[in-house]
Amino acid sequence: MAEITLTHLLFLSTALFFIGAFGFLTRRNMITMLMSVELMLNSVNINFIAFNKYLFADRLDGVFFTLFLIAIAAAEAAVAIAIIINIYRNYQSIDIDDADSMKF
Amino acid sequence: MDLSLLLAMKFELMITLIIFILLFMKIDGRANNQTVIRISYLLLFLNLGFGFAGNVSGEIFNGMFRSTPLLAFQKNILNLATLIIALSSYEWLRNHKHLPEFFILLLSSLLGMFFMMSSGNLLMFYLGLELSTIPLAALCNFDLHKKISSEAAMKMILSSAFSSAILLFGISLIYGATGSFDFKVITSVLTGTTLQKLAFILIFSGFAFKLSVVPFHLWTADVYEGSPIAVTAFLSVVSKASMSFIFITVLYTTFISMATTWYYVLATTAVITMIVGNLFALRQTNLKRFLAFSSIAQVGYLLIGISGASQIGIASVVYFILIYVFSNLAAFGVISVISSLTGKETISDYKGLYASNPALALIMALSLFSLAGIPPTAGFFGKLFLLTAGASILNWPLIIIASLNLIVSLYYYLNIVRAMFIDETDEPMVKLNFSTNEAVAFFMCVAGVLSIGFLKGVFEFIFGLSSVL
Numbered sequence: 856m857a858e859i860t861l862t863h864l865l866f867l868s869t870a871l872f873f874i875g876a877f878g879f880l881t882r883r884n885m886i887t888m889l890m891s892v893e894l895m896l897n898s899v900n901i902n903f904i905a906f907n908k909y910l911f912a913d914r915l916d917g918v919f920f921t922l923f924l925i926a927i928a929a930a931e932a933a934v935a936i937a938i939i940i941n942i943y944r945n946y947q948s949i950d951i952d953d954a955d956s957m958k959f
Numbered sequence: 038m039d040l041s042l043l044l045a046m047k048f049e050l051m052i053t054l055i056i057f058i059l060l061f062m063k064i065d066g067r068a069n070n071q072t073v074i075r076i077s078y079l080l081l082f083l084n085l086g087f088g089f090a091g092n093v094s095g096e097i098f099n100g101m102f103r104s105t106p107l108l109a110f111q112k113n114i115l116n117l118a119t120l121i122i123a124l125s126s127y128e129w130l131r132n133h134k135h136l137p138e139f140f141i142l143l144l145s146s147l148l149g150m151f152f153m154m155s156s157g158n159l160l161m162f163y164l165g166l167e168l169s170t171i172p173l174a175a176l177c178n179f180d181l182h183k184k185i186s187s188e189a190a191m192k193m194i195l196s197s198a199f200s201s202a203i204l205l206f207g208i209s210l211i212y213g214a215t216g217s218f219d220f221k222v223i224t225s226v227l228t229g230t231t232l233q234k235l236a237f238i239l240i241f242s243g244f245a246f247k248l249s250v251v252p253f254h255l256w257t258a259d260v261y262e263g264s265p266i267a268v269t270a271f272l273s274v275v276s277k278a279s280m281s282f283i284f285i286t287v288l289y290t291t292f293i294s295m296a297t298t299w300y301y302v303l304a305t306t307a308v309i310t311m312i313v314g315n316l317f318a319l320r321q322t323n324l325k326r327f328l329a330f331s332s333i334a335q336v337g338y339l340l341i342g343i344s345g346a347s348q349i350g351i352a353s354v355v356y357f358i359l360i361y362v363f364s365n366l367a368a369f370g371v372i373s374v375i376s377s378l379t380g381k382e383t384i385s386d387y388k389g390l391y392a393s394n395p396a397l398a399l400i401m402a403l404s405l406f407s408l409a410g411i412p413p414t415a416g417f418f419g420k421l422f423l424l425t426a427g428a429s430i431l432n433w434p435l436i437i438i439a440s441l442n443l444i445v446s447l448y449y450y451l452n453i454v455r456a457m458f459i460d461e462t463d464e465p466m467v468k469l470n471f472s473t474n475e476a477v478a479f480f481m482c483v484a485g486v487l488s489i490g491f492l493k494g495v496f497e498f499i500f501g502l503s504s505v506l
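Next up, the structure:
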């Protein structure tokens, strides 16, 4: 059976990153946009773990960064969802096209 | 562990202490708004005074946290700016239902900025960055029932999450290329391969989002317009200042082996930033939106100073930011007073302001002169040193474009001065009374704007500090 190499993992993480970016730019529902950003952050997590395992296995820097990143992503999601709930109270919608009081 | 090393973190410890005091006051719940606001002002004054004596330099936690005389000076600037913002938003805060939370979130954000500026490690840098951004997004939503406030907060949190994802992807590539998060180790390993250049571009994009460098500026105007004025002032002054300080550190130490690469990136973005910021500022009618675009243009000049890549570059950026704090916060203070007392925020509302409120009109005019860079005010000297630092590379077209942009900016700054002093109006503003707190804030700003340019020692002092980043 063929072995999984670093290249495979990097391909996966890069694909995930751009899927997330594409979703962020095209989706119009705020919760889905938030999920897309989480996808991008998770692709970074895969990157860190993969580099750590294949290239720098003697130290755990990458794994530590991942742990911090998961915690921060959770904090960010908490604040973002609170803000989205407030948007819903003010606009009765979480579609980003409806929240358009400010334009130039 | 040597306890004196903890003194290297004394700015951070002091702010943490204040956050806890305010948190307990909130939980206790007996203090009324007036008491809370007085105690907060007192604590912020103490915090500012505490920063001037007994600073210890050094590295702790294996070089994760650094402290240098320059960093202490930068933190003092940010403390001062926070104090001025808190004082000048007294009228808005006075009757706010969630007053303690405002200070808690504001100081958490400031704490994050301090950790970010002092970081010697990408992990620490990222933690500080997020600690400064997440509370700021919550602060943007502080007028809970206002539609535009929640819209601004939504735009802020989504765009900052997106930008930090891009930044993180860059950090992960740097980790893959070097195997370390430590700035010093990264510096010694980086050589400028294609992968490292890609990583640099991604990290630069993350910085550019926070500094609102064109083409990453689109969130700025909406967030500035929707947020409460105190938060807008904090975003445009303190957040940008801290970001540009750490930007200098990262460029001048970590990425110094790619200096030619980033010089062209900086020069190009500086030109676009100045032009776009100025052109959009010309057509704004809302004052907060106007100041958003004017601050984008100012970041363009800042980038020229940073691109100088020398000790003068560092010193001129710090000096410019010191002046920018005073001149921009004076303008925001006037807007804050007028908006919280009358709810008026557009330029046409300011017509005939001099006739009814001469003091406010004069302060506003002074700060606009300083932002435009007209000689007697300090703003002129700030811009002069920035362009001098940029000119050391001998890239004359860049300096010429910057000077032409300065002329364009004169038009829109003086437009407001004209509205206040010359234009007639049918419905002039009533005479507004502001409290001692705002008067103190205005006094500090005006004194700063008028004196810093003429105090010969200031720039030399900063120049001396900036020999060690």
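Protein sequence lines correspond, in order, to chains A and B.
Under the working numbering, the first residue of the first sequence is numbered 856, with each subsequent residue one higher.
Under the working numbering, the first residue of the second sequence is numbered 38, with each subsequent residue one higher.
Using N, Cα and C, we set each Cβ at its ideal position, and we do this for glycine too.
Does any residue of chain A bring its CB to less than 8 Å from the CB of B:Ala539? Residue 539 of chain B lies beyond the residue range present for chain B, which begins at 38 and ends at 506; the question has no answer from this structure.
In this structure, what does DSSP give as the bridge partners for B:Gly165? Answer by DSSP bridge pairing: none, since B:Gly165 is not bridged.
Check for me: the beta strand (DSSP E) holding B:Arg75 runs from which residue to which? Counting along the chain, B:Arg75 falls outside any beta strand (DSSP E), though it belongs to the alpha helix (DSSP H) covering 70 to 87.
Assuming the contact rule is C-beta atoms closer than 8 Å, B:Ser347 and B:Ser294 should be a hit. Round their C-beta distance to whole Å, please. The Cβ separation is near 16 Å, so there is no contact.
Just to confirm my understanding: we take A:Ser868, look at its own chain, exclude 5 residues before and 5 after, and list those with CB closer than 6 Å. What are they? Ser898, Ile901, Asn902
Which residues in the same chain have their Cβ closer than 8 Å to the Cβ of B:Leu506, if we skip the five residues on either side of it in sequence? Thr105, Leu107, Ile285, Thr286, Tyr289, Thr290, Ile351
Can you name the start and end residues of the beta strand (DSSP E) that B:Gly95 belongs to? 95 to 97
CB of B:Ser364 within 8 Å of CB of B:Val486, strictly: yes
Check whether the Cβ atoms of A:Ala935 and B:Ala198 lie closer than 8 Å to each other. yes
Under the assumption that B:Phe422 contacts B:Tyr356 (Cβ atoms under 8 Å), give the Cβ distance between them as a whole number of angstroms. 6 Å
Residue range of the alpha helix (DSSP H) that B:Phe102 falls in? Element bounds for B:Phe102: not the alpha helix (DSSP H) but the beta strand (DSSP E), 102 to 104.
What is the DSSP secondary structure of A:Ser812, counted as helix, strand or coil? For residue 812 of chain A there is no data in the structure shown, the boundaries of chain A being 856 and 959.
First and last residue of the uninterrupted alpha helix (DSSP H) at B:Tyr289: Where B:Tyr289 is concerned, there is no enclosing alpha helix (DSSP H), given that its DSSP letter is neither H nor E.
Once DSSP output is grouped into helix, strand and coil, what is the label at B:Asn474? helix
Spatial neighbours of B:Leu435 in its chain, beta-carbon cut-off 6 Å, leaving aside the 5 residues before and after: Ala304
For a contact meaning CB atoms closer than 9 Å, what does B:Glu188 contact in chain A? Ile942, Asn945, Tyr946, Ala954, Asp955, Ser956, Met957
Closest Cβ-Cβ distance between B:Ser364 and chain A: below 8 Å? no
Residue-chain proximity (A:Val918, chain B), Cβ-Cβ < 8 Å: no
Thinking C-beta only, is B:Ala214 closer than 8 Å to B:Gln233? yes
Rounded to a whole number of angstroms, what is the C-alpha to C-alpha distance between A:Asn884 and B:Ala189? 16 Å
Does any residue of chain B have a CB that is nearer than 8 Å to the CB of A:Leu915? no
Near B:Asn70, which residues of its chain fall below 6 Å by C-beta distance, leaving aside the five closest residues on each side in sequence? Leu136
Would you mind listing the alpha helix (DSSP H) stretches within the segment 864 to 913 of chain A that are 4+ residues and don't spill past its ends, in chain order? 885 to 909
How big is the Cα-Cα spacing for B:His133 and B:Leu239? 40 Å
B:Asn323 - partner residues in DSSP beta bridges: B:Thr383
Beta-carbon within less than 6 Å of B:Leu142's beta-carbon, same chain only, minus the 5 sequence neighbours each way: which residues are those? Pro172, Ala175, Leu176
Using the Cβ count rule (16 or more neighbours within 10 Å means buried), how would you classify B:Trp256? buried
Let's see if you can read the secondary structure: which residues bound the alpha helix (DSSP H) around A:Arg944? 916 to 946
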